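Numbering follows this note's numbering, with no gaps: position 5 of the sequence shown is 847. Virtual Cβ for every residue (Gly too), placed ideally from N, Cα, C. This structure is a prediction, so every number in the text was calculated from the model and none was measured.
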Amino acid sequence: MTASSNQLEHIKRAAAVKVMIFDVDGVLTDGSLTYGPDGEATKTFNVLDGLGIQLLQKSGVATAIISARQSPIVVRRAADLGIMHVHQGIHDKRVAFARLLDATGFTAAQCGYIGDDVIDLPLLLQVGFAVTVPTGHPEVQYRAHYVTKAGGGRGAVREVCDMLMRAQGTYDAALAPYFA
843 MTASSNQLEH
853 IKRAAAVKVM
863 IFDVDGVLTD
873 GSLTYGPDGE
883 ATKTFNVLDG
893 LGIQLLQKSG
903 VATAIISARQ
913 SPIVVRRAAD
923 LGIMHVHQGI
933 HDKRVAFARL
943 LDATGFTAAQ
953 CGYIGDDVID
963 LPLLLQVGFA
973 VTVPTGHPEV
983 QYRAHYVTKA
993 GGGRGAVREV
1003 CDMLMRAQGT
1013 YDAALAPYFA
């Protein structure tokens, strides 16, 4: 079986990613917001996604979070995973993206971004590798280079991390310690 031209294109794009950027709600989570009795919002993260992010970082790809919502839970999760670049509470994600590019020195073409709603379109249209989830808004799915098979908060991030490492030839080395 040969890969389709579409598969080859997203593999080529994934191979060029130096920074992978994640939206939170609908990507790192399933998009649900649960409010506790005191009004605090809680989020549920997937451990497979978390290990995927850590393996991706060890393989040499930087990671970042850009989210329009502000949440101390996201700061905690990012700290747990070693994500150094966290931009929250900025509705115009282009502002956070410009700050990230300044901080890292990478170009938009060297970035990947996974988002799920129209607020993510400005970044998805700029990055070299635009990704969304199966429940992403139709306008986002139409413009993405790749739509994950797994859902947000259900392994979509791990799928992308594994894809990047495979495309960059670092997947086997990332998993080697677990086969020793």
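Element boundaries [alpha helix (DSSP H), containing residue 930]:
Translated into the one-based positions of the sequence shown, residue 930 becomes position 88. Premise fails: residue 930 lies in the beta strand (DSSP E), 927-930, not in any alpha helix (DSSP H).
Please report how far the alpha carbon of residue 858 lies from the alpha carbon of residue 880, in whole angstroms.
The sequence position of residue 858 within the sequence shown is 16, counting from 1. The sequence position of residue 880 within the sequence shown is 38, counting from 1. For residue 858 and residue 880, the distance between alpha carbons rounds to 45 Å.
With a threshold of 7 Å on Cβ separation, who are the neighbours of residue 988 within its own chain once the five nearest residues in sequence on each side are excluded?
Position 146 of the sequence shown, counting from 1, holds the residue named residue 988. Once the five neighbours on either side are set aside, the close Cβ partners of residue 988 are 852, 973.
Is the beta carbon of residue 954 sitting closer than 8 Å to the one on residue 895?
Taking the sequence shown and counting its residues from 1, the one referred to as residue 954 is at position 112. Taking the sequence shown and counting its residues from 1, the one referred to as residue 895 is at position 53. No.
State whether the region 914-927 contacts the region 883-901, with contact taken as three or more CB pairs (one from each stretch) at a distance under 8 Å.
Yes, the region 914-927 touches the region 883-901.
Give a yes or no on contact between the region 925-937 and the region 945-964, applying the rule of three or more CB pairs nearer than 8 Å.
A contact exists between the region 925-937 and the region 945-964.
For residue 876, which residues from the same chain have a beta carbon less than 6 Å from its beta carbon, with the 5 sequence-adjacent residues on both sides left out?
For the purposes of this step, residue 876 is taken as the residue at position 34 of the sequence shown. Sequence-distant partners of residue 876 (beyond 5 residues in either direction) whose C-beta falls short of 6 Å from its own C-beta, in its chain, are 884.
Chain-order list of residues whose beta-carbon lies under 8 Å from that of residue 986 (same chain, five-residue window excluded):
As a first step, residue 986 is located in the sequence shown; it is residue number 144 there, counting from the start. In the same chain as residue 986, and ignoring 5 residues on each side of it, the C-beta atoms closer than 8 Å to its own belong to 966, 972, 973, 974, 978, in chain order.
DSSP on residue 910, reduced to helix/strand/coil?
Taking the first residue of the sequence shown as position 1, residue 910 is located at position 68. Coil at residue 910, not helix or strand.
By the DSSP assignment, the alpha helix (DSSP H) with residue 939 in it spans what residues?
To locate residue 939, count along the sequence shown from 1; it is residue 97. Unbroken alpha helix (DSSP H) run through residue 939: 935-946.
Considering only the alpha carbon of each residue, which of 957, 994, 911 lies closest to residue 872?
Here residue 872 is taken as the residue at index 30 of the sequence shown, counted from 1. Taking each of 957, 994, 911 in turn and checking the Cα distance to residue 872, the smallest one comes out for 994.
Closest by CA to residue 854, which one among 1006, 998, 1013, 948?
Along the sequence shown, read from residue 1 onward, the residue named residue 854 stands at position 12. Answer by Cα proximity: 1006.
Sub-8 Å separation of residue 907 and residue 937 beta-carbons:
Residue numbering aside, residue 907 sits at position 65 when the sequence shown is read from its first letter. Residue numbering aside, residue 937 sits at position 95 when the sequence shown is read from its first letter. No, the Cβ-Cβ distance between residue 907 and residue 937 is not below 8 Å.
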